[in-house]
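Protein chains in written order, with this note's numbering: chain A, 31 to 430; chain B, 29 to 348.
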């Protein structure tokens, strides 16, 4: 049995759950403490090497740089894969706003890589019901946002012959709902309050939501895809704040005769103004949005990125930059593909030989290219394509 | 050509937007309009046509009760303290193609108003329905904010609502919060990429900082809607499904490969690699283009699949 931590906000230093992320005393998130508290494992270099061997291609930049840094049972997935047993991927998004920023794209970029590298199918859940309940949106608005977000997700490059996107409002029912009830029967009210921190004032919609996010981990929830494959394992790439849902799921799975889903978890993408928490879709200057123009990106990085550079050029040449807090370096860590170039920049900047302006300039180039590529891909996504991705249809070539 | 009120009403019906139509004598002010439709339960709107010092235009559409302070708005747009003033009557007629007293968010349907920025009062969302002039001031139509959104989206506009009464501080550390509503500086130039066919606009340039991408970005900015980059004349209601065109796809691939090839072969690289240049360049091209081309191929595949899927859902089984 795994540790299932109780939520107790007053005693917590840092708060990390699906609805709130904040560090202790406005400082940085302590990921070691988080891994400890949640009870997941660190993803070390041996995993990265093993993935490279198994997939015969260079590991994704997020793996190389430790962006995806924690896991549960990823080794089981790899063991089974080596024996010829495939798995499927499950990830999702809560469509609370139309404004997607780069932080939102990270799990999707990584999931696309996993789909290509391992040649496995993928289900993507759009939790429009969750946002309707938590953000008090109308049903129509949350459904509309789900479709809009689906377009940006599709633009990340998923293969339509191996990907099923669904919205809760459309899909819940049938086999999916049967699994929801099975899961719900295994989780007491007290347990769910303990995991998610619900109170007597929270409405019953919230309290009964967790099974909705749990059951896509079970292949029988998708009879049109995985009928007869009850043994198929599931790997869930997500940001680490989603861990509570899946701790609950892993607890329940063996009791209802299913495999525990495996997880591979990422760090939070820091806000432009510094490492105090997640980017927020409601503060336009905390993040780079996929709709930002080259000019916006340049402005935001130059004016709002928190840097570790010294106050004056003389001081900077003397002491070098503080790489621990420097946001441009952190962003380059996420997005600059070339390991050698990144090392060079870190070395020169840390020693004071390279100035903040140069680092920012390189970052602006990298981000602009990513956003431009995304925008071009997004322009090719039509409503009909969204309909096709979201249609309940068989995917005969999903393991090819 | 100016959009007529009948064309507008027809379009609303085509889009299945619910609205109610009220005819009345010509009215020039909100007070006069209130005499005829003020007691019908919906909210009246007041609509301002404004311009800034750089000859950019704005339609500000708000609930009649919302206080709109032009000085505050000007600062929030990043135009300084006195940057906004009421536009001249000639501009009303020329750009919005409506008579005096008839400013309405619907006027942005006109080609001439393509670069007019539209600011909508978030108060509209709280009302069941609101009254606007449908391009003529001898009528008013009432519709829900969702209906307005649907219409605006159909013409490639991104409906965004703003708290017009807010007065956030604007300074060194707090940039103007409405800066995104200022139309881009080169309205004429951005015409060109917007009219280019879809496939071309996906960019023949390897570098993202290229001219057309930057200008296309500007054209996209005012409405923030990626749809603008596609080839869609502003007035169509029925978008056609873009075809997966093998010819265009191949041209795109060849363009990128040859651009990279040309950049790889220079005096320096010839000197450096001489006989081995071929192998070296081939390797580099593979390395740099692999991911890019795979992405393009995936888009092509997804588009072709979608075409097939769409056809399949309308397939008529063989008659036995």
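All C-beta atoms in this analysis are idealised placements derived from N, C-alpha and C, irrespective of residue type, glycine included.
- Here residue 347(A) carries a helix assignment [DSSP, helix/strand/coil].
- Residue pairing for residue 51(B): DSSP places it in a beta bridge opposite 167(B).
- Sorting 299(A), 332(A), 416(A), 225(A) by C-alpha distance to the C-alpha of residue 394(A) places 332(A) at the top.
- Residue pairing from DSSP places residue 75(B) in a beta bridge opposite 89(B).
- For residue 123(A), the enclosing beta strand (DSSP E) covers residues 117 to 123.
- In summary, residue 360(A) is buried, with 16 or more beta-carbon neighbours lying within 10 Å of its beta-carbon over all protein chains present.
- A distance below 8 Å separates the beta carbons of residue 292(A) and residue 265(A).
- The secondary-structure analysis by DSSP pairs residue 80(B) across a beta bridge with 112(B).
- Less than 8 Å divides the Cβ of residue 241(A) from the Cβ of residue 210(A).
- DSSP, reduced to helix, strand and coil, places residue 71(A) within a strand of the structure shown.
- Where residue 177(A) is concerned, there is no enclosing beta strand (DSSP E), although the alpha helix (DSSP H) around it starts and stops at 169 to 184.
- Looking only at 129(A), 77(A), 166(A), the smallest Cα-Cα distance to residue 186(B) is reached by 129(A).
- Of 138(B), 150(B), 130(B), 183(B), the smallest CA-CA separation from residue 161(B) is found for 130(B).
- With 16 or more other CB atoms across the displayed protein chains lying within 10 angstroms of its CB, residue 141(B) is buried.
- For residue 415(A), the chain B residues whose Cβ falls inside 8 Å of its Cβ are 330, 331, 334, in order along the chain.
- DSSP places residue 194(B) outside any beta strand (DSSP E), giving it a letter other than H or E.
- In terms of Cβ geometry, residue 122(A) and residue 154(A) form a close pair [threshold 8 Å].
- Residue 323(B) is a Cβ neighbour of residue 187(A), given a cutoff of 8 Å.
- Contact note: residue 190(A) reaches chain B through 329, 330, 333, 334, using a C-beta cutoff of 8 Å and chain order.
- Per DSSP, residue 95(A) lies in no alpha helix (DSSP H) segment and is marked neither H nor E.
- In the three-state reduction of the DSSP assignment, residue 172(B) falls in the coil class.
- The count of Cβ pairs closer than 8 Å, one atom from the stretch 347 to 362 of chain A and one from the stretch 371 to 382 of chain A, reaches three, so the stretches are in contact.
- Distance from residue 364(A) to residue 299(A) at the Cβ level is roughly 7 Å; contact confirmed, criterion being Cβ atoms closer than 8 Å.
- With its beta carbon at least 8 Å from every one in chain B, residue 100(A) lies outside the interface.
- Taking the Cα positions, residue 194(A) is about 21 Å away from residue 290(A).
- Look at residue 340(B) here: in three-state DSSP terms it is helix.
- If only uninterrupted beta strand (DSSP E) runs of at least 3 residues are considered, those enclosed by the stretch 253 to 277 of chain A are 263 to 269.
- Rounded to the nearest angstrom, the gap between the Cα atoms of residue 316(A) and residue 269(A) is 18 Å.
- Annotated as proximal: residue 427(A) and residue 191(A), with beta-carbon spacing under 8 Å.
- With respect to the 8 Å criterion, residue 108(A) and residue 84(A) are classified as neighbours on the basis of their beta carbons.
- Sequence-distant Cβ neighbours of residue 123(B) in its own chain, meaning closer than 7 Å and more than five residues away, are 85, 140, 141, 144.
- It is roughly 25 Å from the alpha-carbon of residue 297(B) to the alpha-carbon of residue 399(A).
- Excluding five sequence positions before and after residue 212(A), the CB atoms of its chain that fall closer than 7 Å to its own CB belong to 286, given in chain order.
- The Cβ-Cβ distance between residue 209(B) and residue 105(B) falls below 8 Å.
- The beta carbon of residue 326(B) sits closer than 8 Å to some beta carbon of chain A.
- With its beta carbon at least 8 Å from every one in chain A, residue 209(B) lies outside the interface.
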